[in-house]
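Here is the structure we will look at, set down as structure tokens.
Protein chains: 2
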Amino acid sequence: MSTPRRITLKDLARELGVSTATVSNAFNRPDQLSPALRERILGEAKRLGYRGPDAKARSLRTGRSRIIAVILAESLTYSLNDAVASEFLSGVAEVLDAQGHTLLLLSSRQTQAQFPGSASMADGFIVYGLMPSPTLLESLPSQAALVAADFDIEGRPAIHVDNEAACQAIARHALATPPRRPAIVNLRLTAEPCNGRITPAHALLGAEQTITRSRLAGFYRALAERGIDPAEVPMWNIEENTFEVCAPVLAPILDLPGDERPDLLLCMSDRIALTALTLAEQRGLRVPEDLRITGFDGIAEGQYRAPRLTTVRQDSTEKGRMAARMILGLTPPASSLLTTELMVGDSCP
Amino acid sequence: MSTPRRITLKDLARELGVSTATVSNAFNRPDQLSPALRERILGEAKRLGYRGPDAKARSLRTGRSRIIAVILAESLTYSLNDAVASEFLSGVAEVLDAQGHTLLLLSSRQTQAQFPGSASMADGFIVYGLMPSPTLLESLPSQAALVAADFDIEGRPAIHVDNEAACQAIARHALATPPRRPAIVNLRLTAEPCNGRITPAHALLGAEQTITRSRLAGFYRALAERGIDPAEVPMWNIEENTFEVCAPVLAPILDLPGDERPDLLLCMSDRIALTALTLAEQRGLRVPEDLRITGFDGIAEGQYRAPRLTTVRQDSTEKGRMAARMILGLTPPASSLLTTELMVGDSCP
DNA sequence: CTGAAAGCGCTTACAG
DNA sequence: CTGAAAGCGCTTACAG
Chain A
1 MSTPRRITLK DLARELGVST ATVSNAFNRP DQLSPALRER ILGEAKRLGY
51 RGPDAKARSL RTGRSRIIAV ILAESLTYSL NDAVASEFLS GVAEVLDAQG
101 HTLLLLSSRQ TQAQFPGSAS MADGFIVYGL MPSPTLLESL PSQAALVAAD
151 FDIEGRPAIH VDNEAACQAI ARHALATPPR RPAIVNLRLT AEPCNGRITP
201 AHALLGAEQT ITRSRLAGFY RALAERGIDP AEVPMWNIEE NTFEVCAPVL
251 APILDLPGDE RPDLLLCMSD RIALTALTLA EQRGLRVPED LRITGFDGIA
301 EGQYRAPRLT TVRQDSTEKG RMAARMILGL TPPASSLLTT ELMVGDSCP
Chain B
1001 MSTPRRITLK DLARELGVST ATVSNAFNRP DQLSPALRER ILGEAKRLGY
1051 RGPDAKARSL RTGRSRIIAV ILAESLTYSL NDAVASEFLS GVAEVLDAQG
1101 HTLLLLSSRQ TQAQFPGSAS MADGFIVYGL MPSPTLLESL PSQAALVAAD
1151 FDIEGRPAIH VDNEAACQAI ARHALATPPR RPAIVNLRLT AEPCNGRITP
1201 AHALLGAEQT ITRSRLAGFY RALAERGIDP AEVPMWNIEE NTFEVCAPVL
1251 APILDLPGDE RPDLLLCMSD RIALTALTLA EQRGLRVPED LRITGFDGIA
1301 EGQYRAPRLT TVRQDSTEKG RMAARMILGL TPPASSLLTT ELMVGDSCP
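Sequence order for the protein chains is A and B.
Be aware that the first sequence starts at 1, since it is given in our numbering, and climbs by one per residue.
Be aware that the second sequence starts at 1001, since it is given in our numbering, and climbs by one per residue.
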């Protein structure tokens, strides 16, 4: 079968004996023509199989695509399988969908050095989780709307969670029962990649580079309040928030002899905490009797289990909604700070 | 500050005293001009802040956007938080990214009756999990490439998992230890929405409408092999694969008196099985001694826990990769069937 | 309420 | 190796 040339707005106009402007108006500005004529046009369009104005042409003409891109810090593979990033995306998607916009997924960790050309089709960019390289950032259309989430881009609005307050709150709760050997498990805190114990030799990322720094500051405040010298608290670092990466870092901690093993693990993510929980269960360590564990994020997986995870919930979905509203101009572009909620579960009552 | 008009390829050509064709070639067909000239053009582009050919114009001109859309059966909010859909998406994203393409997310359950206009910008569509309404399907560009996953669209290639064989295998394994009271917990099997016990009064969806039907057929085969009349096995149905929806259906099952409570739960998803596991743990029921549970999917959450879930793993990531390769034409468009792997965990040894 | 015309920013045969 | 020109399919002031 020969594919007949796709029908265009112009064809339709010719067929009907009206101008292209009128057909365009029938689809885009119903108030610009009589209902009867509009009916006639729409009817004929349907009959001829015309599906409405071509999006590519329209976007070139109007300069807007009604596509919003989210630029994720990690690979799409990682991000899509991460509960926190997924929640964020679903918040974004919810608002975009309601506004007739559409979601394009981009990653700053991609195979190419530049974003694919199609990326520049987006009307706006939500940058999530990490500062992309300056080169990448510059490859975006210069006049594009930009909103950052979980980090700052100079001169752009940013959505943040009050990480320091959150961590201070959960550490306060945990320290209310004095631990003998508290420990902290960080997420991407060191300047150089490190999956293991953090020593004084390790340089740490700055507060402007990672929200992890604020989380640590919150822990330190609570420790200091309790008269514990933070410098005495052993710390570990983890580079990727997955079971596969967490497990080999955590296992040796749990395998320490009983009198060296931490009895409180302040973890910077639920994934870390849940991995610790699983490893503890496999070893027959009792939680919370032998080991108390706290997380961060409040993902479903930590709550819909027994024992339930003690954690602090950040509303990633709402974070995504806020970013989306801002990028669409439904909300004035202004940085904002989301509060968190302490959730006391069974892993650290 | 006044925003100067964005610089175009034409401006750049004028500035350099060459034709637009040459500038275009400098970006798109390096072999069409001398390296020296190309260098000069690229250098000047950089100096003037020209970011390369505009994607909107290019897509209109070439007819291709290098955007591939995935149409998800459920809402984006649900899909992004579902481990199986997320895995599928990450497989798609992996291939697209490697090929310089970009991923657009669409849902057949959206607020609007039609896809947003921008949807039609995509070069191809991967339809995942469910037949969209005919109206929606027809709103897609008629000549667009289309691949289905986990269901069939007439005349289009589809990627499937061998659901029947998988379910037969896991049920066989489970039934090797004869249960006293086996039960089946289905996912979206009934014609009308139903969260609860399935009675003879319930009409079931047909095999061409849902893969659930094949899963059930696999269970039935294994039961029949063991001399158990499938009609005697009580069944429940669940509409949405989330803890919130599963829990109220499962709780009453676990709360049955000991001599009525099933001692084997064949579940159609890991989410259902994990919810059953959590509820059992909360009730002090011993798994597998008092209750054996099997799942379907092989999601990480079921494996990185103690006790580990007995399930059958489908490689959703690979499913996504295959769909992506096919839509990009890297693979001939032909339907295919993925095999699964029985994973024996602690929930049903 | 309707139409003629310009132009969004490119790419691509084609001619030289 | 390079350039002049057509045209992808629309929307939008503008004039009537």
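For each residue, glycine too, the CB sits at the ideal point set by N, CA and C.
Alpha-carbon spacing of residue i relative to residue j, whole angstroms
i	j	result
residue 37 (chain A)	residue 1145 (chain B)	34 Å
residue 1293 (chain B)	residue 1273 (chain B)	6 Å
residue 1303 (chain B)	residue 301 (chain A)	13 Å
residue 1054 (chain B)	residue 120 (chain A)	7 Å
residue 1223 (chain B)	residue 296 (chain A)	44 Å
residue 1227 (chain B)	residue 1311 (chain B)	23 Å
residue 215 (chain A)	residue 184 (chain A)	11 Å
residue 1079 (chain B)	residue 1245 (chain B)	15 Å
residue 170 (chain A)	residue 237 (chain A)	19 Å
residue 1350 (chain B)	residue 1319 (chain B)	The structure shown does not extend to residue 1350 (chain B), since chain B is modelled only from 1001 to 1349, so the question has no answer here.
residue 1257 (chain B)	residue 1219 (chain B)	25 Å
residue 167 (chain A)	residue 348 (chain A)	14 Å
residue 209 (chain A)	residue 1026 (chain B)	37 Å
residue 1230 (chain B)	residue 39 (chain A)	56 Å
residue 1082 (chain B)	residue 1241 (chain B)	8 Å
residue 1200 (chain B)	residue 21 (chain A)	59 Å
residue 1092 (chain B)	residue 298 (chain A)	28 Å
Residue burial classification, residue i (beta-carbon count within 10 angstroms, cutoff 16)
i	result
residue 275 (chain A)	buried
residue 102 (chain A)	buried
residue 1047 (chain B)	exposed
residue 1010 (chain B)	exposed
residue 111 (chain A)	exposed
residue 143 (chain A)	exposed
residue 1334 (chain B)	exposed
residue 255 (chain A)	exposed
residue 1164 (chain B)	buried
residue 1178 (chain B)	exposed
residue 1087 (chain B)	buried
residue 314 (chain A)	buried
Where the alpha helix (DSSP H) through residue i begins and ends
i	result
residue 1324 (chain B)	1316 to 1327
residue 14 (chain A)	9 to 16
residue 1126 (chain B)	It is not in any alpha helix (DSSP H) - residue 1126 (chain B) instead sits in the beta strand (DSSP E) that spans 1124 to 1128.
residue 1271 (chain B)	1270 to 1282
residue 20 (chain A)	20 to 28
residue 1204 (chain B)	No alpha helix (DSSP H) contains residue 1204 (chain B), which DSSP labels as neither H nor E.
Interface flag, residue i vs chain A, CB-CB below 8 Å
i	result
residue 1319 (chain B)	no
residue 1121 (chain B)	yes
residue 1100 (chain B)	yes
residue 1281 (chain B)	yes
residue 1230 (chain B)	no
residue 1301 (chain B)	yes
residue 1010 (chain B)	no
residue 1077 (chain B)	yes
residue 1129 (chain B)	no
residue 1278 (chain B)	yes
residue 1183 (chain B)	no
Any chain B beta carbon closer than 8 Å to residue i
i	result
residue 17 (chain A)	no
residue 110 (chain A)	yes
residue 43 (chain A)	no
residue 304 (chain A)	yes
residue 90 (chain A)	yes
residue 30 (chain A)	no
residue 143 (chain A)	yes
residue 347 (chain A)	no
residue 352 (chain A)	Lying outside 1 to 349, the shown extent of chain A, residue 352 (chain A) is not represented and no answer is given.
residue 93 (chain A)	yes
residue 20 (chain A)	no
residue 25 (chain A)	no
Extent of the continuous beta strand (DSSP E) to which residue i belongs
i	result
residue 1341 (chain B)	1341 to 1343
residue 312 (chain A)	311 to 313
residue 1299 (chain B)	Looking at the DSSP string, residue 1299 (chain B) is not in any beta strand (DSSP E), and its letter there is neither H nor E.
residue 265 (chain A)	264 to 267
Would you mind listing the alpha helix (DSSP H) stretches within the segment 127 to 196 of chain A that are 4+ residues and don't spill past its ends, in chain order? Entirely contained in the segment 127 to 196 of chain A, the alpha helix (DSSP H) runs reaching 4 residues are, in chain order, 134 to 138, 163 to 175.
Complete runs of the alpha helix (DSSP H) confined to the segment 1209 to 1235 of chain B [at least 4 residues]: 1212 to 1225
Ordered list of beta strand (DSSP E) runs contained in the segment 1036 to 1111 of chain B, each at least 3 residues: 1067 to 1072, 1102 to 1107
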